[in-house]
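In mature numbering (1 follows the signal peptide of the UniProt record, and there is no 0), the protein residues as written are -33 to -1, 1 to 305.
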């Protein structure tokens, strides 16, 4: 079931306000031939070292293993699998974002032999705002992105955190051997899928629409993990409807523009480079309330009136010719794999 509604310009403005609010509270600091859609998410040989300019408002995975290691389980162990969901930033804002169905997803595990519980989640190293919009620095021509996401595995399941305004439900069991195979897959997935992508970009809200770009976020990690658990031979089922947050942009067919060097390193591309920087100026962190309101109005003008959005995907820029309903936040059912 899709609970999203088509938006008038006023509703689009309201949705844009929600997304800008998320960015505000969470920020710290080639030529293609025939294009296949959606554009595949680019994977890497290994995770790069983070730039010291990028600082997290809250440290990433503070109680997890620094090297991302996952405990080994005895092959004969029986591991319970839990579906976990709670409003984004629930620890700070309670159910506020839950009222808009803006949810964070994770997976829990419990060992029957040791009695120990574990939580696994995938999220931003430098908060959502930094993964969604870049910084405009005076010392760099190109917008500067602090965008990485990674898996965090740590001991314990905070029952109150997940139950109070969200979901904590057992959805299956797997053997210790299956869990160890899953752990190896998680570590490989974590090393090769390094950046976060907030937006899913589609041609329209219809069932037969074309998807131009897929998101890569906490819920997508959960879906990949569930599919891997099923592939390893475990069965998953839920007594309740399994819904997840999606943030959509709607546009006509995107146009490839280039990467940092081809746009910001070429004098012939100065007009485009300036336009991209001006577009992202509306989404800068650390703005006063007056600046935020003015920036929101400028963003509305660019996205709705001028029908323009610049998307940074696979470290390359694309132009999206926006169209109604422009932006949409939905809470959609994605069944567990059977």
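Ideal Cβ placement from N, Cα and C applies to all residues, glycine included.
Evaluate residue i with the Cβ neighbour count: other Cβ atoms within 10 Å of its Cβ, from every protein chain shown; 16 or more gives buried, anything less gives exposed.
| i | result |
| --- | --- |
| residue 25 | exposed |
| residue 271 | buried |
| residue 59 | exposed |
| residue -2 | For residue -2, the predicted model reports a pLDDT of 47, less than 50, meaning its position is unreliable and no value from the coordinates is stated. |
| residue 133 | buried |
| residue 257 | exposed |
| residue 249 | buried |
| residue 16 | exposed |
| residue 235 | exposed |
| residue 312 | Any answer about residue 312 is impossible in this case: the structure gives the chain only from -33 up to 305. |
| residue 11 | exposed |
| residue 175 | exposed |
| residue 57 | buried |
| residue 169 | buried |
| residue 233 | exposed |
| residue 184 | buried |
| residue 49 | buried |
| residue 264 | exposed |
| residue 238 | exposed |
| residue 211 | buried |
| residue 101 | buried |
| residue 221 | buried |
| residue 20 | exposed |
| residue -27 | Because the pLDDT at residue -27 is just 48, under 50, the model does not fix this residue reliably, and the value given afterwards should be weighed accordingly. Burial call: buried. |
| residue 292 | buried |
| residue 39 | exposed |
| residue 1 | exposed |
| residue 278 | buried |
| residue 260 | exposed |
| residue 81 | exposed |
| residue 160 | buried |
When the distance is taken between beta carbons, is residue j closer than 7 angstroms to residue i?
| i | j | result |
| --- | --- | --- |
| residue 135 | residue 51 | yes |
| residue 158 | residue 119 | no |
| residue 186 | residue 167 | no |
| residue 121 | residue 177 | no |
| residue 93 | residue 23 | yes |
| residue 246 | residue 269 | yes |
| residue 37 | residue 76 | no |
| residue 99 | residue 165 | yes |
| residue 231 | residue 109 | yes |
| residue 218 | residue 287 | yes |
| residue 180 | residue 280 | yes |
| residue 197 | residue 304 | yes |
| residue 123 | residue 97 | no |
| residue 295 | residue 215 | yes |
| residue 129 | residue 53 | yes |
| residue 55 | residue 63 | no |
| residue 42 | residue 139 | no |
| residue 223 | residue 152 | no |
| residue 273 | residue 163 | no |
| residue 283 | residue 226 | yes |
What residue does the beta strand (DSSP E) around residue i start on, and which one ends it?
| i | result |
| --- | --- |
| residue 58 | No beta strand (DSSP E) contains residue 58, which is instead part of the alpha helix (DSSP H) from 57 to 60. |
| residue 286 | 283 to 300 |
| residue 180 | 178 to 180 |
| residue 51 | 45 to 54 |
| residue 275 | 275 to 280 |
| residue 17 | Premise fails: residue 17 is in no beta strand (DSSP E) and is neither H nor E. |
| residue 169 | 167 to 169 |
Between which two residues does the alpha helix (DSSP H) carrying residue i extend?
| i | result |
| --- | --- |
| residue 153 | 143 to 159 |
Is any beta-carbon of chain D found at less than 7 angstroms from that of residue i?
| i | result |
| --- | --- |
| residue 28 | Looking for chain D here will not work: only one protein chain is present. |
Minimum length 3: unbroken beta strand (DSSP E) runs contained in the stretch 190 to 269: 210 to 218, 222 to 225
Uninterrupted alpha helix (DSSP H) stretches inside the stretch 75 to 140 (no shorter than 4 residues): 94 to 99, 126 to 130
Inter-stretch contact at 8 angstroms, needing at least 3 Cβ pairs: the stretch 140 to 151 / the stretch 59 to 70: no
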